[in-house]
Amino acid sequence: MSFSTRNGTLTEFFSRSYAEILSISLICVVVLATSIRFVAWLKFPNQLARWNIDPTSDRDTCSNGKSTNLPQTGLARVGAELDGSIGLQVLHEGKDAAVDIVGVHGLGANPAHAWLWHKKNNPADGDRRGYPKKDLNWLKELLPGKLASAELSCRVLVYNYDSRWILNARKQRLSNISDRMLDNLQNKRRKSGRPIIFIAHSFGGNLVEQAIISASRPNSEWADIASSTAGIVFLGTPHRGCGAANWGALIATLGRWGIGSEPSILKSLENHSDILTDLLRDFSRWIWDESVSVVCFFENQATNYSARFASPLPIATLVVDENSACIDGHKGTSLDADHFKINKFWGLRDPSFDLVYNEIERMAQRGPLAVQDRRRLPEIPRDQNDVYDELSKCLRDMEVTNPHDLLRDLKSRRGKRVQHTCEWILERDKFTAWRDSSRPQLFRVIGPPGIGKTMLSTFLVDILEEKVRKSSGKLFAFFFCDDKVQGQKSPAALLRSLIWQLLLQKKDLYKHVQQDYKLHGKDTCFKEVSSLSRMLESMIQDPVAGEVFILIDALDECDPSSREGLLAGVHDLFGTSSATDTRMFKFVITCRPEIPDIEAELRFVSSTLRMDSVAVNTDLDDYINIRVKELPDYPQRGYPKDEVRKALKDGAGGTFLWASLMIADLKQTRMHKVMDKLRNPLPKNLPELYATILDRIRKDDREDARFILHLMVAALRPLTKFEIAAAFSAWKDHVLLQSTSQTLYTSTGIFSSIGHTILDMIQGDKDTSGNYEFMSHKFKPRGTVNFCHQSVKDFLLSCPEDAWYHISAASADIFVFQVCWKYLTAKNSSGRTLENLLYTRDERPYTAGTKNGTLERLRHQLLYQPENSSSEGCFVTEDPGQGIPENLLCRREQPEGKSIEREDICQWLNTLDGEYPFQSYVDSCWIPKGESVLLQSKIAFEKGPLLRDTLFIHAVRTNWRLAIKLMYQHGTNPSKSYYLRSKARHISKTRGPRGPSSHRRPR
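Take the sequence shown: its position 483, counted from the start at 1, is 474 in our numbering, and no numbers get skipped.
#1: For the alpha helix (DSSP H) that Gln505 lies in, which residues bound it at each end?
#2: Can you tell me whether Lys818 is helix, strand or coil according to DSSP?
#3: Would you mind reading off the limits of the alpha helix (DSSP H) that contains Asp641?
#4: Determine the closest residue to Ser730 out of Gly740, Ala716, Trp722 and Asp724, with distance taken between C-alpha atoms.
#5: Does DSSP put Leu433 in a helix, in a strand, or in coil?
#6: Looking at the structure shown, is Trp337 part of a helix, part of a strand, or coil, going by DSSP?
#7: Given a cut-off of 9 Å on the beta-carbon distance, is the pair Pro678 and Phe786 in contact?
#8: Which residues does DSSP list as the beta-bridge partners of Asn210?
#9: Using the DSSP secondary-structure output, state which residues sit across from Leu998 in a beta bridge.
#10: Is it right to say Lys407 is buried, meaning 16 or more other beta carbons lie within 10 angstroms of its own, or is it exposed?
#11: Do you know whose CA, among Gln960, Glu906, Phe909 and Cys582, lies nearest Leu925's CA?
#12: Could you tell me the boundaries of the beta strand (DSSP E) in which Arg601 lies?
#13: Would a C-beta distance cut-off of 9 Å place Ile146 and Ile92 closer than the cut-off?
#14: What do you reckon, are the CB atoms on Glu538 and Gly464 nearer than 9 Å?
#15: Taking only runs that begin and end inside the segment 513 to 593, name each unbroken beta strand (DSSP E) of 3 or more residues, in chain order.
#16: List the endpoints of the continuous beta strand (DSSP E) containing Asp91.
#17: With a threshold of 9 Å between beta carbons, is Tyr379 in contact with chain B?
#18: Determine the direct distance from the alpha carbon of Lys690 to that of Val704, and round the result to whole angstroms.
#19: Just checking my contact of Trp106 with Pro123 at CB under 8 Å: how many whole Å lie between their CB atoms?
#20: For Cys287 versus Ile266, is the C-beta spacing smaller than 9 Å?
#21: With a cut-off of 8 Å, do at least 3 Cβ pairs link the segment 523 to 534 to the segment 394 to 404?
#22: Let me check one thing: in DSSP terms, what residues is Leu710 bridge-paired to?
#23: Based on Cα-Cα distance, which residue from Thr816, Phe909, Tyr379 and Ser552 lies nearest to Phe932?
#24: In terms of alpha-carbon separation, which member of Gln910, Lys934, Ala946 and Asp940 lies closest to Lys920?
#25: For Ser930, which residues of its own chain have a beta-carbon under 7 Å away from its beta-carbon, when the five flanking residues on both sides are left out?
#26: Just how far apart, CA to CA, sit Ser915 and Asp588?
#27: Could you check if Thr445 is buried or exposed, using at least 16 other CB atoms within 10 Å of its CB as the buried criterion?
#28: Find out if the Cβ-Cβ distance for the pair Leu368, Lys497 is shorter than 9 Å.
#29: Any idea which residues DSSP pairs Thr294 with across the strands?
#30: Which one of Ile223, Arg181, Lys640 and Ala800 has the shortest CA to CA distance from Trp213?
#31: Please work out which residues of its chain come closer than 8 Å, Cβ to Cβ, to Ser598, disregarding the five sequence neighbours upstream and downstream, and give them in chain order.
#32: Measuring alpha carbon to alpha carbon, tell me which of Pro623, Pro359 and Gly645 ends up nearest Arg997.
#33: Take Gly642 and list the residues in its own chain whose beta-carbon comes closer than 6 Å to its own, dropping the five residues that flank it on each side.
#34: For Arg487 versus Val391, is the C-beta distance shorter than 9 Å?
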């Protein structure tokens, strides 16, 4: 049998060690003796005279002449009578004051003595060492003069509140006191807008924290106080509570013996109390969001309570230890004092005063600018056209698409974030540890497809950008990887974008790029991952950069074949971090779980948060509720929204994408069939959902649907609606459609074969004539067609081979090459092909580098090559490795039919990209990825002799032996070019049976 006690069963009690039992017994004896003496002291006021207690002194003397430490401020000034009136009092009014300094005392204290150094506390040799000859209030007599010597005028105020916690204590809460302080401060300031620096001792620091949280709430009447706060100095504040509060609570419970007491505030100060935990969490987030300077000072001497309570045994303890007195991520410094002396300084030569003053001066100097930035919220530089001189040219040569344009398009595709969703991450311990750390930190968020990682990243971009805008000493750059877009999947593009953003924000960092840029030029400097990684590393480690935040979304969609160097660089950045590291950069990376190379490099150098259904369920419920409300309402017959809502919440499994696609599918379903869908089992996951959607496509439409799916899987960038329609026309009817052709608009009906559920159809911009704008050399992502999610492409590549929609990567590459070939050989309304038009000569001057496509280089060689070229052909040295053999292309017969006049071809060349929608893509991407694509394409190459010979040249350059043989079989005749003939013969004899299977595709 066991008997229950407050601390557990008797069995558990006696199982403790002998030392524990002895300690507990000793504490009980001390508490009992102290309590009896204390009650006797309170019941017999005349006893006060025997101890000769001076309520204004920290050092009190008993009648026997022995000194006792009777603390005046903080948790333990028991029964002290307060001096002065409640509210704000001005200690010093500086002329044209630039900053308000507000002192807030702790419990059982008042401003008249909280900041006062008493002459009685001087050591025996105090006169010789410079101690004051009278009591000294350092807030009034030291601080203003010291700041004035630094040309900083200030106004010093102190706040007095009823801090009695025993002897007729008021019934009050922390929030009551803080609200009154805010009212007083607002009335005294009259919205002056002057920066505020709080100096708070002990419980006064908790009071300031509560005041700031109340003032920073939306639509708060005290918002000006929160926005004006430039810094806070905490002196022994128990942010996480303190054990000494338990003693105060015990004494306060003596109220049942006839002593008026209020233990609620003391209860809140206990170690790790819920009230302080919530308060510190909210306050830490605020100072991080607003970039407010905070410094925490803590005591390194124990405080003696025995004299205060007339205890026969010594009671000394460290009231607020370092862990409780400091806030993660912010400076913490120890002072050589106990808890009741940490807020009192004896003079300018006091080492503790010197430490505290330096922080106050720094806050006062930076305060006006910091407050101005937070109110003005300056925009982060985003436009390279606002930069001049050499840096401007460098930024242009980097050829970076503005990441904010890409982010805006991403948000338009994904839809607006539901209010309050994603905010859960701000409360997670791993995120707050990353946020508050003063050392380099890598924070990873991993989760399965469709769970909302990218939407979470867009939320964090907004949070981090707002933070950087509020502080001039911080930088932020981000990148969203996308496997569907060539410019968003390569490591080099990722690094270029990050460097580009940092250079725009901090021009002084250009020195880390300048030398490489001048020495190697853009072609080498901005193409190699190794050089780009080195530049970025040196930039973010430069003290000039300040604190740097980097966010990379969907790292798993970065090209796996070339991201090894990128991952190694990230590993090296964080793998060498130490406790003394002064570097200030932090990364956030999102990706799918269990990616081998990512896990191998980053697992042990990062803090990882796993997104699962538990983490996002609340957000998902909110999302479903909002989206179901958007479903149509019918007057005669109500839409079964309750049933839909329940079915979606039961089946979503924490996947936003699943819920989004189901809602989109229901929107396209007739109302009388909605209940039929709900009665049948819904797809359990994304693959089942994709299969269900695709299997519903009619058999007559599946051929057209396969065309779209193949093209989108293999395309190097998202294609526009009209590009796909033009490619389809060339593929199916061998017709080359122009952008003004009405047939092009009717051809967009192909998309009805697959529906809009798994496709994102983004509307393009219109020009003044009402036509949609088309891409030139630089791709503009507007007006494009994308899969709704990367997981659709993954599904098509991994689904069962017997499914009609199954696609292999090899077959998709072959298919795109065939489409490009058909497009290049298709005829327009005049019976001409793109290849035909390339035969016509023109003598216009050529500006190198104005075009990048293979056909443009071919066009230049045909139109501007001299007639009398030597019969001994060679590669053009202007573009090494990508030139066209001169003699192969310089002598061509005119095609049959009517010739084209010089003026016509000039006009056509200038408008070619806009006139033929798919031409821009074909121009740069028609060369196949590998030799196998050529060998398996089954194309009649002899029908396009110019294209065939270009492929032959490419095969020679890349050592594709079988492809060279294939081009011979289809009519290539290099006999006029000694170089081509000897090169082909040399390759056949000296190389292996085949050339490399892959290569870097020409740009």
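The beta-carbon is built from N, C-alpha and C at its ideal position, and this holds for glycine as well.
Walking through what the data contain:
#1: Lys502 to Cys516
#2: strand
#3: Lys632 to Gly642
#4: Ala716
#5: strand
#6: coil
#7: yes
#8: For Asn210, which the question treats as bridged, DSSP gives no partner whatsoever.
#9: Residue 998 is absent from the model: the chain starts at -8 and stops at 994.
#10: exposed
#11: Gln960
#12: Ser598 to Arg601
#13: Residue identity check: residue 146 is Arg in the sequence provided, not Ile. In this structure, Ile92 lies closer than 9 Å to Arg146 by Cβ.
#14: yes
#15: 538 to 544 and 576 to 582
#16: Val90 to Val95
#17: Here chain B cannot be found, since the structure has a single protein chain.
#18: 21 Å
#19: Going by Cβ atoms, the distance from Trp106 to Pro123 rounds to 13 Å, so no, they are not a contact pair.
#20: no
#21: no
#22: Val776
#23: Thr816
#24: Ala946
#25: What sits at residue 930 in the sequence shown is Ile, not Ser. Gln809 and Trp812.
#26: 31 Å
#27: buried
#28: no
#29: Thr308
#30: Arg181
#31: Lys421, Ala424, Trp425, Gln432, Leu433, Phe434 and Arg435
#32: With the chain running from -8 to 994 in the structure shown, residue 997 is simply not present.
#33: Leu673
#34: yes
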